[in-house]
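2 protein chains.
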Amino acid sequence: MEELDYLAGERKRAEFDVDAMKIVWAGSQHAFDVSDRMSRLVASDPAFRKDNRPMLSRKDLFKNTLRKAAHAWKRIIELRLSEEEATALRHYVDEPAYTDLHWGMFVPAIKGQGTDEQQKKWLPLAYKMQIIGCYAQTELGHGSNVQGLETTATFDPDTDEFIINSPTLTSSKWWPGGLGKASTHAVVYARLIVDGKEHGVHGFIVQLRSLDDHQPLPGITVADIGMKFGNGAYNTMDNGVLSFDHVRIRRDQMLMRVMQVTREGKVVQSNVPRQLVYGTMVYVRKTIVSDASTALSRAACIATRYSAVRRQFGSQNGGPETQVIDYKTQQNRLFPLLASTYAFRFVGEWLSWLYMDVTQRLQAGDFSTLPEAHACTAGLKSVTTSITADGIEECRKLCGGHGYLCSSGLPELFAGYVPACTYEGDNVVLLLQACVARFLMKTVSQLGSGKQPVGTTAYMARVEHLKECRCSAQKAEDWLKPNVILEAFEARSLRMSVACAQKLSKFSNPEDGFAELAAELVEASVAHCQLIIVSKFIEKLQQDIPGEGVKKQLEILCNIYALALLHKHQGDFLSTGSISSKQGSLANDQLRSLYTQVRPNAIALVDAFNYTDHYLGSILGRYDGNVYPKLYEEALKDPLNESVVPDGYREYIRPLLKQQLRSARL
Amino acid sequence: MEELDYLAGERKRAEFDVDAMKIVWAGSQHAFDVSDRMSRLVASDPAFRKDNRPMLSRKDLFKNTLRKAAHAWKRIIELRLSEEEATALRHYVDEPAYTDLHWGMFVPAIKGQGTDEQQKKWLPLAYKMQIIGCYAQTELGHGSNVQGLETTATFDPDTDEFIINSPTLTSSKWWPGGLGKASTHAVVYARLIVDGKEHGVHGFIVQLRSLDDHQPLPGITVADIGMKFGNGAYNTMDNGVLSFDHVRIRRDQMLMRVMQVTREGKVVQSNVPRQLVYGTMVYVRKTIVSDASTALSRAACIATRYSAVRRQFGSQNGGPETQVIDYKTQQNRLFPLLASTYAFRFVGEWLSWLYMDVTQRLQAGDFSTLPEAHACTAGLKSVTTSITADGIEECRKLCGGHGYLCSSGLPELFAGYVPACTYEGDNVVLLLQACVARFLMKTVSQLGSGKQPVGTTAYMARVEHLKECRCSAQKAEDWLKPNVILEAFEARSLRMSVACAQKLSKFSNPEDGFAELAAELVEASVAHCQLIIVSKFIEKLQQDIPGEGVKKQLEILCNIYALALLHKHQGDFLSTGSISSKQGSLANDQLRSLYTQVRPNAIALVDAFNYTDHYLGSILGRYDGNVYPKLYEEALKDPLNESVVPDGYREYIRPLLKQQLRSARL
Ligand SMILES: Cc1cc2nc3c(=O)[nH]c(=O)nc-3n(C[C@H](O)[C@H](O)[C@H](O)COP(=O)(O)OP(=O)(O)OC[C@H]3O[C@@H](n4cnc5c(N)ncnc54)[C@H](O)[C@@H]3O)c2cc1C
Ligand SMILES: Cc1cc2nc3c(=O)[nH]c(=O)nc-3n(C[C@H](O)[C@H](O)[C@H](O)COP(=O)(O)OP(=O)(O)OC[C@H]3O[C@@H](n4cnc5c(N)ncnc54)[C@H](O)[C@@H]3O)c2cc1C
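If you read the protein sequences in the order shown, they are chains F and R.
With UniProt numbering applied, the first sequence covers 1 to 666.
With UniProt numbering applied, the second sequence covers 1 to 666.
Following this line, the structure appears as structure tokens:
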């Protein structure tokens, strides 16, 4: 039997080796193999079915997630999967679950903040899932401001214990995933109080539930915080609320790698520097950046395929109508997002390298690159997650009415994705307070002082040149030159930072200036982060990339990424004089012609993500393009269609039609 | 007992008469009275409870909506409410229902397209709800391209009937609200075929279900199209799918105001001009514009109040932390949205006037203003709904993590709102193909030909001046002058349109040019529409507006609206030379100082919307600001909290913790 493929024609048009691109996307042949195998394993196992999620009640939805998590773990054990494979398998199950927090936050927290003995005690339990852990930092009253947490951990020298307590309503832990129903343990952040004195916020391993019957231990009150955005989405997760009524834990359950409390109640700073926690943050945020590229790529894959299937208007002489992907407006909305998925992918790859580099340096006692690495990871987390969240919604709109159906996969992708803009640091707070803007202002203030800017701020050393240089583009094709693009982005970023610094210097109290100019500082931070992404894409292209036509396609995408940004932020480029308006207009002409070049390759470029239909979870994004009959089939599964005459007709429709409402009991 | 009001301090700071502003917002004292009475009526009736929606299954959710719709109708009859009051009551029930389509589309379609006899026959049935109607235009394969609809209506002269048929899968009607389960009738759009000849798409009144038992009539297949975005949101609506197998209807069920088919099978154009349908479109879209202002105002109200309650960072000497509304970044994201709600309100008011004006002219046989009115309504629909959709999501993000909870009200507001960007014309298609861009290009091409541009394009008559003029702003305060703002927006819009027209003229085939330059044309259309909104706001302020300090506040909001737009689109203003970069920077300085002015009035400005807590449906937006205890209460209502140990523990958690998964059946 011939396999159905409505997109076969599109696939034939591709001008590059799709299989080679798959390797580039995955990062390596090995990474491709693992991801390919695991995604098929999940897709072929009916236990991992997920298309029914929107129809389940909260309780059934959650129970179903518990089942899948257990089944996944069972398969991981049975098949003796490696850590890498297990992670990939969980990823392709594609359902937020308590295990995400167990593996993604609880274990890393112990690894990062626990002493060797603590690691030896707790990690084996966690690795075997004999305990289930979560990460309990945020409280009802405090998220961004971690130093403002209210939970207390008071040392009791008599019993050698800490007393964990929630003194106020707002001090309840609120949000931690996996906390509400599944976790037996948590890393709890609390203000350390020893001998009446405060010593800042630290992590404590606290057992929450009995390992016999899962009942909360005495003094512990725990519950789920209720429904969240979307119907499936993050509602598979038991984000929880937790309060402590003087709960006692052993002293050795404080995570003591950085600071210790001794038997005698002495608070001792260890020789491990505090900056170490930055290392963990870099780790978690680099993961968020690669997740951003994944989430956006799924949306772009759906919208691209459906835009090639969907036809609307433009029929000539009774022939087929125009594929909507051929409309320039559709291209102008879609292709920059497609380019962004690749851009985010490569900057994510680079962050993995950066994390490795930082880790090695830390081990060698070199902390010099940490602040820069920390700032740039935070900034990239913020910029990529914001674009991804908006981009998923844009992809949904690109699918017209049908994008609004759950069966398009896009509503749930969006609802499940958006919290990435908030957790692990609110995106605005990250850009402003936490790191990027402050780091940039510090860097600018040190220019000329002899201290060389490092890493992603190295370009600032060329401050004199970048302040004065004029863009050399004279015709549209000049905008294909990496150095022209790079210099424009560098000039824009540097000039925005310098302008902020100059304005700041006029305030007698720098903090007042910082508060007043916050919005501009955020814009300068965004400009700097966009430059990083553009430059890492360009660097990637300087490598050897095998596969026929592969590099060429990536060059096109890189240029689309940069020129679409340039157009979107034209105000920045023009107001800083980094380009002229004529040059902006040339860049836009070039952009249009790049769209034409990428168009025949669009389907192949999303095929390169190598997503199974199970993982995509979208009728509109089906590999075979067989959209319409399947939309129909899917619709008929809705429980509302169990009867043609709806439940409620007799009570609420008939009396109305029959003008008998007056006497009806409603 | 003292009433709790955590925001009392904020309310005292207001520098204007809130009650007077309520009248301005409502449009008149009368409109305020109606809306105030109806919103309280709904809020005080437990039958209209809506906080449990996220927890209901699709079937229960839908049944519940049927109940509310019947109850609302019962109250409307019992209380003998006027049409205006009934509309307001339905609005405050705040739940998409089949009645929206019955009153909002079915009735207007018959009014607009039915002959006098047809109206006499059908309207009384519809007014009494003896029949329930929907509007069935879109098909699985065609939405935007109405001329491409595939359903056929073939005249059979032997029986004096039309045969309605769905020849293909893609010709099934798909999306109409109220169609799936509730409607007994539909206005169905189909290609008219008489004597083998096609006569375009027309509307037909078709009965779908028996009035005895609600069973679909022979030849009719109808169902619900399944779950949509969000858990409550639009899932209360039975958007449906419908196909016809040679269904026969009487000839007089074709809506014949514009075109008739006679007993003999002659197709006769009536003397009513086709443009009349534009009138209905202007009506529907003006409603969408005022709905945009309402939806955005709800989100802004929630985010503003919560931003005043929420404190994070900045505690000095143990005092309270800073209210997040005091951060400039928060203001920079929130206040332009607050200003937009007022801007959209006033442009909506003006559209009501425009609709009246157009209707009166039509009655007098004057069609001259119709194209302009049609273009500007379509453009304003597009621009206001896009900003509102994005704005609601931004308001959600402004609430940090808690905005992600359903109990914040924001997720459902978003999910229920976004289809407004798609229905009644996809926003991009509206700007480009349907009307705005084409109308602008036509207007530009006729400049200098003696034909004066009318209505909202009148400014284009000053083409020579606007092409050359230079913005006069020299200091930040100059940006408070309405004429400075207006001229900058006019120059930007005109220059963008003229630039497009010039580029277009270089193409030998104008349609090729139009296709190639589509993205730029959309930008020019947006610029024109933004100018309309700014200018209508300014016009409003030239009226007499009673109430202490009211006008002053509106002036501040008007300036914020305009200057925030100017900053966001600075690229347009600079590249067209409409302002200099120095002037752009001054405008931004002015904007910051406007934020400071609006800050103490922010809470009062959202109080002026006069929303009940029931209508807002948000814990974060509660009038009294008593957020935290109520978040807690709400969380505990989740069905998942019925037991502390979750359903599924025994099967899926315990075996895992006890390392007994191998033998478990999952
Ligand atoms: C789905 C989800 C899962 C989560 N999982 C976990 C978890 O497992 N464990 C855990 O501990 N936590 C978790 N969280 C909590 C999350 O980390 C916090 O929500 C996040 O840190 C943001 O803090 P907040 O909610 O207090 O926002 P807020 O800080 O209250 O932010 C509200 C608004 O104020 C603004 N703002 C705040 N401070 C400033 C400032 N200084 N300057 C300018 N603007 C400011 C913000 O930009 C935002 O617009 C989760 C949250 C979500 C939504
Ligand atoms: C919640 C909801 C309720 C609805 N209620 C009703 C109802 O009661 N009755 C009814 O009849 N219909 C209803 N509709 C259908 C609605 O009117 C259509 O979805 C809408 O007209 C868009 O058409 P489409 O879905 O075919 O989008 P498409 O036209 O398929 O659009 C897909 C993409 O193609 C692009 N595109 C299409 N044509 C062009 C072009 N010429 N140039 C550039 N780009 C183009 C669009 O911009 C979009 O990005 C409803 C829809 C929704 C979501």
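The beta carbon of each residue, even a glycine, is placed where N, CA and C say it ideally should be.
Bear in mind that the values here come from a model prediction, so they are computed numbers and not experimental data.
message: Please report whether the beta-carbon of F:Lys-63 lies at a distance below 9 Å from any beta-carbon of chain R.
response: yes
task: Report the option in R:Ile-387, R:Ala-635, R:Asn-626 whose CA atom is closest to the CA atom of R:Glu-3.
output: Nearest C-alpha to R:Glu-3: R:Asn-626.
task: Note down the Cα distance separating F:Tyr-423 from F:Val-429, rounded to an integer number of angstroms.
output: 11 Å
field: Those residues which DSSP pairs with F:Glu-198 across a bridge
entry: F:Ile-193
task: Under 8 Å by Cβ, that's how I've got R:Thr-138 and R:Glu-150 pegged, so tell me the actual separation to the nearest angstrom.
output: So it is not a contact: roughly 12 Å between Cβ atoms.
message: Classify R:Tyr-127: buried if its beta carbon has 16 or more other beta carbons within 10 angstroms, exposed otherwise.
response: exposed
message: Considering only their Cβ atoms, is the gap separating R:Phe-344 from R:Thr-287 smaller than 9 Å?
response: no
- prompt: Along chain R, which residues have their Cβ under 7 Å away from the Cβ of F:Asp-647?
  reply: Here the neighbours are Lys-59, Lys-63.
task: Whole angstroms is fine: what's the gap from F:Ala-223's alpha carbon to F:Ala-136's?
output: F:Ala-223 and F:Ala-136: Cα-Cα distance of roughly 13 Å.
field: R:Arg-53 in three-state terms, based on DSSP
entry: helix
- request: Check the Cβ-Cβ distances between F:Ala-519 and every residue of chain R, and say whether any is below 9 Å.
  value: yes
- request: Please decide whether R:Asn-235 counts as near chain F, where near means a Cβ-Cβ distance under 9 Å.
  value: yes
task: Give every residue of the same chain whose Cβ lies closer than 7 Å to the Cβ of R:Glu-10, excluding the five residues on either side of it in the sequence, and list them in chain order.
output: Ala-308, Ile-603
message: I want to check one thing, is the minimum distance from the CB of F:Ala-518 to the heavy atoms of ligand 1 below 8 Å?
response: yes
Rounded straight-line distance, which links the Cα of F:Trp-25 to that of F:Leu-380: Approximately 19 Å, taken between the alpha carbons.
- prompt: ligand 2 heavy atoms versus the CB of residue 697 of chain R: any closer than 8 Å?
  reply: Residue coverage of chain R in this structure runs from 1 to 666, which leaves residue 697 of chain R outside it and unanswerable.
field: Beta bridge counterpart(s) of F:Tyr-135 as assigned by DSSP
entry: Answer is F:Val-187, bridged to F:Tyr-135.
query: If R:Gln-590 and R:Leu-563 are in contact, beta carbons under 8 Å, what's the gap, nearest whole angstrom?
result: 6 Å
query: When DSSP builds the beta bridges, which residues end up paired with R:Met-259?
result: R:Gln-269
query: Cβ of residue 704 of chain R within 9 Å of Cβ of R:Cys-500?
result: Residue 704 of chain R is absent from the model: chain R starts at 1 and stops at 666.
- prompt: Based on the DSSP output, what are the partners of F:Arg-250 in its beta bridges?
  reply: F:Glu-161
- prompt: Do the CB positions of R:Cys-399 and R:Ser-408 come within less than 9 Å of each other?
  reply: yes
task: Using alpha carbons as the reference points, say which of R:Ala-415, R:Val-598, R:Glu-95 lies closest to R:Leu-334.
output: When each option's Cα is compared against that of R:Leu-334, the closest is R:Val-598.
Inter-residue spacing [alpha-carbon to alpha-carbon] between R:Asn-52 and R:Glu-634: R:Asn-52 and R:Glu-634: Cα-Cα distance of roughly 10 Å.
- prompt: Using a C-beta cutoff of 9 Å, does R:Met-1 count as contacting chain F?
  reply: Annotation note: pLDDT 46 at R:Met-1 (below 50); position unreliable, no value reported.
- request: Answer yes or no: the CB of F:Val-429 versus the heavy atoms of ligand 1, is any distance below 8 Å?
  value: Yes, the Cβ of F:Val-429 comes within 8 Å of a heavy atom of ligand 1.
- prompt: Within the present structure, is the beta-carbon of F:His-402 separated from the nearest heavy atom of ligand 2 by less than 8 Å?
  reply: yes
- prompt: With C-beta atoms as the reference, is F:Thr-443 less than 9 Å away from F:Ser-382?
  reply: no
query: For the putative contact between F:Gly-180 and F:Gly-240, defined by C-beta atoms under 8 Å, what is the C-beta separation to the nearest angstrom?
result: 3 Å
- prompt: So R:Asp-156 is in the beta strand (DSSP E); what residue range does that whole segment cover?
  reply: 152-156
- prompt: Hey, quick one: how far does the alpha helix (DSSP H) through R:Ala-223 stretch, first residue to last?
  reply: No alpha helix (DSSP H) holds R:Ala-223; the beta strand (DSSP E) holding it covers 220-224.
- prompt: Are the C-beta of R:His-569 and some C-beta of chain F separated by less than 9 Å?
  reply: Contacts with chain F at 9 Å (Cβ-Cβ) include R:His-569.
query: Comparing alpha-carbon positions, which option in F:Tyr-98, F:Ala-43, F:His-30 lies nearest F:Asn-235?
result: F:Tyr-98
- request: Could you check if R:Asp-5 is buried or exposed, using at least 16 other CB atoms within 10 Å of its CB as the buried criterion?
  value: exposed
- prompt: Under a Cβ-count criterion, where at least 16 other Cβ atoms within 10 Å of its own Cβ denotes burial, should F:Arg-80 be classed as buried or exposed?
  reply: By the 16-neighbour rule on beta-carbons within 10 angstroms, F:Arg-80 is exposed.
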